[in-house]
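Asks: The structure that follows is given in the form of structure tokens.
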Amino acid sequence: MTLEAAPARHTPRKRFGQNFLSAPGIVARIVAAIAPQADDHVVEIGPGLGALTQPLLAKLAHLDVVEIDRDLIARLKDDYSAAQLTIHEGDALKFDFAALGNKLRIVGNLPYNISTPLLFHLAEYAERIVDMHFMLQKEVVDRMVAQPGGGEFGRLSVMLQYRFEMERLFIVPPGAFVPAPKVDSAIVRMLPKPLESLTVKEEQTFARIVTAAFGQRRKMLRNTLRELISEADLEGLGIRPTARAEELAVGDFVAIANHLTNFRLPGEGRDPVAPL
Ligand code: SAM
């Protein structure tokens, strides 16, 4: 019998948002929520020390992972066969998920320091995605699923709710991780909406309106959107010019954006153009 050296301990790296799951009960709940089937095309972001990777692979024929930390990548290569696990080394923020094909089921206990840009990056691949299950800071999940009328409803809510059905599944306390983060976490499920339900004519214009409206969220729309749409046009769309961004429904932002797409942005010195 050969004696193998025990693997060296990994020192968690703050810059990579490393809080490793170490609660078997929570891991089991997450995997049950994902409900992986053997032939599913699952992609895990940030496998780390394998807390989710291991139980996922117990159910799957194959798993793709995207990991940035070279030390962790070396461990994963030691622990799993290349036939089981395809490791994509690098930054998930720059990763081309289209290269993996279609019908992707994306999961992960995400690095919290990049969660918002990562969610926006992933949203670009929504057409290829079946569903996503993520652990995030609870506060971020609450903003994702927030409804109009409160302080949590913002750019993240509108941009993601336009593209996904989202549900907060359950809360995970700090004690489930090593090292323990300072805040609660939560699991969110994101299901891309059918393409036919997406009515924005120009995504850039939609994003511009949402960003402008929430840029100064305490101000009234007639001020934040002054450069973009007149009070009369807002009223014509059934939107009060004195309302604040957080009072609008996602559909109101779509209506404003499509109005601008149909009738060029004011201030451009051109006449309105015919609707698309
Ligand atoms: N899945 C493991 C778990 O649940 O214990 C680790 C989760 S830890 C919160 C986040 C993981 O994402 C770490 O493995 C970290 O190295 C990795 N990571 C951080 N930034 C990344 C990035 N930009 N691209 C890919 N992986 C990243």
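Letter by letter, the sequence shown follows residues 10 to 285 in my numbering.
Where a beta carbon is used, it is the ideal one built from N, C-alpha and C, also for glycine.
Keep in mind the model is a prediction, meaning the values are calculated, not measured.
If you measure from the CB of G184, is any heavy atom of ligand 1 nearer than 7 Å?
Replies: Checking the Cβ of G184 against ligand 1 gives no.
Asks: Quick check on the burial criterion: 16 or more other C-beta atoms within 10 angstroms. Buried or exposed for P257?
Replies: Before going on, a small fix: residue 257 reads as Leu here, not Pro. Buried, by the Cβ-count rule.
Asks: Just to confirm my understanding: we take H97, look at its own chain, exclude 5 residues before and 5 after, and list those with CB closer than 6 Å. What are they?
Replies: So the qualifying residues of the chain are V75.
Asks: Does the separation of the CB atoms of F3 and V263 fall below 8 Å?
Replies: The structure shown has nothing for residue 3, since the chain only spans 10 to 285.
Asks: Please state the DSSP three-state secondary structure of R177.
Replies: Note: R177 maps to strand in three-state DSSP.
Asks: Along the chain, where does the alpha helix (DSSP H) that runs through G245 open and close?
Replies: Looking at the DSSP string, the run of the alpha helix (DSSP H) that includes G245 is E240 to G245.
Asks: Going by DSSP, name the residue or residues bridged to D140.
Replies: R114, per the DSSP bridge assignment.
Asks: Excluding sequence positions up to five away, which residues of its chain have a Cβ less than 6 Å from the Cβ of R84?
Replies: Excluding sequence neighbours, R84 sits near nothing in its chain.
Asks: Starting from the Cα of Q63, find the closest Cα among D88, I43 and D49 and give me that residue.
Replies: Residue D88 is the option with its Cα nearest to Q63.
Asks: Tell me whether P201 sits in a helix, a strand or coil according to DSSP, three-state version.
Replies: Correct three-state label for P201: strand.
Asks: CA-CA distance, G163 and R217?
Replies: C-alpha separation (whole angstroms): 13 Å.
Asks: Using only the alpha-carbon positions, how far apart do A283 and G260 sit?
Replies: Note that A283 scores 35 on pLDDT, short of 50, meaning its location in the model is unreliable and no value can be drawn from it.
Asks: In chain order, what are the residue ranges of uninterrupted beta strand (DSSP E) at least 3 long that sit wholly in the region 76–114?
Replies: Segments of the beta strand (DSSP E) lying fully in the region 76–114: 94–98.
Asks: What span of residues does the beta strand (DSSP E) with I306 cover, start to end?
Replies: Residue coverage of the chain in this structure runs from 10 to 285, which leaves residue 306 outside it and unanswerable.
Asks: Are there any heavy atoms of ligand 1 lying less than 7 Å away from the beta-carbon of A101, as far as the coordinates show?
Replies: Yes, Cβ of A101 sits closer than 7 Å to a heavy atom of ligand 1.
Asks: Is it true that the region 203–215 meets the region 146–161, where meeting means three or more beta-carbon pairs spaced less than 8 Å apart?
Replies: No, because fewer than three Cβ pairs between the region 203–215 and the region 146–161 fall closer than 8 Å, the two stretches do not touch.
Asks: Identify every residue that forms a DSSP beta bridge with D73.
Replies: V52 and T95, per the DSSP bridge assignment.
Asks: Nearest by alpha-carbon distance to Q286: which of Q146, Q170, E133 and M144 is it?
Replies: The chain is shown from 10 up to 285; residue 286 falls before or after that span and cannot be answered.
Asks: Thinking C-alpha only, which one of M144, D105 and N111 is nearest I43?
Replies: Comparing Cα-Cα distances from I43 to each of M144, D105 and N111, the minimum goes to M144.
Asks: Just the C-alpha distance for I180 and F25, rounded to the nearest angstrom, thanks.
Replies: For I180 and F25, the distance between alpha carbons rounds to 22 Å.
Asks: CB L81 to CB G57, shorter than 8 Å?
Replies: Their beta carbons are under 8 Å apart, which means L81 touches G57 by this criterion.
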